[in-house]
Amino acid sequence: MNNRLVVPDVAELKDALLRETHCSRYSVHPGSRRMYNILKSQFWWNAMKRDITELVARRLTCQQVKAERMKPGGMLQSLEIPQWNWEHIAMDFVTHLPRTIRGCDAIWVIVDRLSKSAHFIPYDRTYSYKKMAQLYMDNVVRLHGIPVSIVSDRDPRFTSKFWSSLQDALGTKLAMSTAYHPQTDGQTERTIQTLEDMLRSVIMDFGGNWQDTLSLVEFSYNNSLHDY
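Quick note: the sequence shown, position 145, residue 145 per UniProt numbering, numbers continuous.
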C-alpha cells in the first residue's frame, strides 16, 4: 500500500510496533500526532490512529510529565514568520533535573523558529554569564552564524547586562516575554513546551545518566517530523 507494510491484525505485533515507536529511550516519547506521522510513513493497519491515541493517553511517563506543567498562559503576540533557518531563534530552560556525574542539572533548549530544529545543551545552573555565553557561541554561532533575533523569557541570564551587551555587539535583537504577554508565536510556544515534555520524559528514563544520552536524543528529535 503505497510502499508501506500492511500490518496483520495481530494485537501482539501492533503493540510491539507502538511500544517501540513511543517508548524507546531515544524516541523522546512522541505525542499522538507525531507518532502517527512516524508510523504511517512505513506501516498501515486499520484503526492505526485510534490505537496510537489510546497508547499515548495511557502512558504513565507522559501523564506524569504533562502534570508538571506550571507555566501560566497568556495572549500570544504574533511574530513575523522567519525566511531562513537559524536567523530567528527561541530559547528556554529545562531545570531542576537530577545532577549528572559531570555536574549538570539543567538543559538549555534553543529552537530555530522556522525549521523547529533544536539544540539541547546541558549546563549547571551555577554557570557564570561568561560560561553561558561561551556555550551559546560554541553551539549556535559556530554552527549557524549570528541570529537576527532571539525570543526568550525574562530569566536573569537573558536580562543581564553581560548577555545584552554581547547580543548588542553581535547585532542580535532580543525580544523578552512575560508570563502574561509572551512575545512569541503560538507554534514556537507549543514547540518549546513539547520539547520540555519530551526531555523530562527522557530524564525519567535515564535518571542521573541523562547527559550521556542527550546528543542522541537531539539527533532523534532533529531527524523526525516536526508537526507542532
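For glycine and all other residues, C-beta sits at the position ideal for the given N, C-alpha and C.
Residue closest to Met35, alpha-carbon to alpha-carbon, out of Thr53, Asn46, Ser160:
As a position in the sequence shown, residue 35 is number 35, starting the count at 1. Comparing Cα positions, the closest option is Thr53.
With H, G and I counted as helix, E and B as strand and the rest as coil, what does DSSP make of Val111?
Residue mapping note: residue 111 aligns to position 111 of the sequence shown, counting from 1. In the structure shown, Val111 sits in a strand (DSSP, three-state: E or B).
Contact between the stretch 210–222 and the stretch 100–114 (3+ Cβ pairs under 8 Å)
Cβ pair count under 8 Å is three or more, so yes.
Measure the beta-carbon distance from Ile150 to Ile89 and round it to whole angstroms, keeping in mind my assumption that it falls under 8 Å.
As a first step, residue 150 is located in the sequence shown; it is residue number 150 there, counting from the start. As a first step, residue 89 is located in the sequence shown; it is residue number 89 there, counting from the start. Confirmed, about 6 Å.
With 16 other CB atoms within 10 Å as the buried threshold, where does Arg19 fall?
Along the sequence shown, one-based indexing puts residue 19 at 19. Its Cβ having fewer than 16 others within 10 Å, Arg19 is exposed.
Round the Cβ separation of Ile110 and Met91 to the nearest angstrom and send it over; I've been treating them as touching at under 8 Å.
As a working mapping, residue 110 is identified with position 110 in the sequence shown. As a working mapping, residue 91 is identified with position 91 in the sequence shown. Indeed they touch by this definition, with Cβ atoms about 5 Å apart.
Is there a C-beta anywhere in chain C that falls below 8 Å from the one on Phe43?
Absence of chain C from the displayed structure is noted, only one protein chain being present.
Between the CA atoms of Glu12 and Lys131 - distance to the nearest angstrom
The residue given as residue 131 occupies position 131 in the sequence shown. The residue given as residue 12 occupies position 12 in the sequence shown. If I take the Cα positions, the gap works out to 50 Å.
Please name the residue in Arg154, Gln42, Asp15, Arg33 whose C-alpha comes closest to that of Arg4.
Here the question's residue 4 lines up with position 4 in the sequence shown. Measuring from the Cα of Arg4, the nearest candidate turns out to be Gln42.
Using the beta-carbon count (16 or more within 10 Å), is Arg153 buried or exposed?
The count along the sequence shown starts at 1 and reaches residue 153 at position 153. Per the sequence presented here, residue 153 reads as Asp, with Arg not at that position. Asp153 is buried by the Cβ-count criterion.
Best match in Val6, Val217, Thr21 for proximity to Phe120 [C-alpha to C-alpha]
One-based indexing of the sequence shown puts residue 120 at position 120. Answer by Cα proximity: Val217.
Helix, strand or coil at Lys131 according to DSSP, with G and I counted as helix:
The residue you call residue 131 lines up with position 131 of the sequence shown. In the structure shown, Lys131 sits in a helix (DSSP, three-state: H, G or I).
Within 8 Å, strictly: CB atoms of Thr191 and Lys116
One-based indexing of the sequence shown puts residue 191 at position 191. One-based indexing of the sequence shown puts residue 116 at position 116. Taking 8 Å as the Cβ cut-off, Thr191 and Lys116 qualify as a contacting pair.
Under the three-state reduction of DSSP, which class applies to Leu76: helix, strand or coil?
Locating residue 76 in the sequence shown gives position 76, counting from the first residue. Residue confidence for Leu76 is low, a pLDDT of 47 falling below 50, so the modelled location carries little weight; the figure read from the coordinates is stated next. Three-state DSSP puts Leu76 in coil, outside helix and strand.
Taking its Cβ as the centre, do 16 or more other Cβ atoms sit within 10 Å of Pro147, making it buried, or is it exposed?
For the purposes of this step, residue 147 is taken as residue 147 along the sequence shown, with counting starting at 1. Classification for Pro147: buried.
6 Å CB neighbourhood of Leu174 in its chain, flanking five on each side removed:
Mapped onto the sequence shown, residue 174 falls at position 174. So the list reads Ile150, Gln167, once near-sequence residues are dropped.
Would DSSP call Asp205 helix, strand or coil?
Position 205 of the sequence shown, counted from the start, is the residue given in the question as residue 205. The three-state secondary structure of Asp205, taken from DSSP, is helix.
With DSSP run on the structure shown, which of helix, strand or coil describes Lys116?
By 1-based counting over the sequence shown, the position of residue 116 is 116. Three-state DSSP puts Lys116 in coil, outside helix and strand.
With burial defined as no fewer than 16 other Cβ atoms inside 10 Å of the residue's Cβ, what is the status of Asp197: buried or exposed?
Position 197 of the sequence shown, counted from the start, is the residue given in the question as residue 197. Under this definition Asp197 is a buried residue.
By a C-beta neighbour count over all protein chains shown, 10 Å radius and 16 as the cutoff for buried, is Arg113 buried or exposed?
Within the sequence shown, residue 113 is the residue found at index 113, counting from 1. Flag for Arg113 reads buried.
N-terminal and C-terminal residue of the alpha helix (DSSP H) that Asp9 is part of
Position 9 of the sequence shown, counting from 1, holds the residue named residue 9. It is not in any alpha helix (DSSP H) - Asp9 carries neither H nor E in the DSSP assignment.
Here's a check: name, in chain order, each residue in its chain whose Cβ is nearer than 8 Å to the Cβ of Val140, leaving out the five neighbours to either side.
In the sequence shown, residue 140 corresponds to position 140, counting from 1. Setting aside the 5 residues that flank it on each side, Val140 is surrounded in the same chain by Trp86, Ile89, Ile110, His119, Pro147, each with a C-beta closer than 8 Å to its C-beta; the list follows chain order.
Short check: CB of Phe93 to CB of Ala133, under 8 Å?
Within the sequence shown, numbered from 1, the residue matching residue 93 stands at position 93. Within the sequence shown, numbered from 1, the residue matching residue 133 stands at position 133. Cβ atoms of Phe93 and Ala133: not closer than 8 Å.
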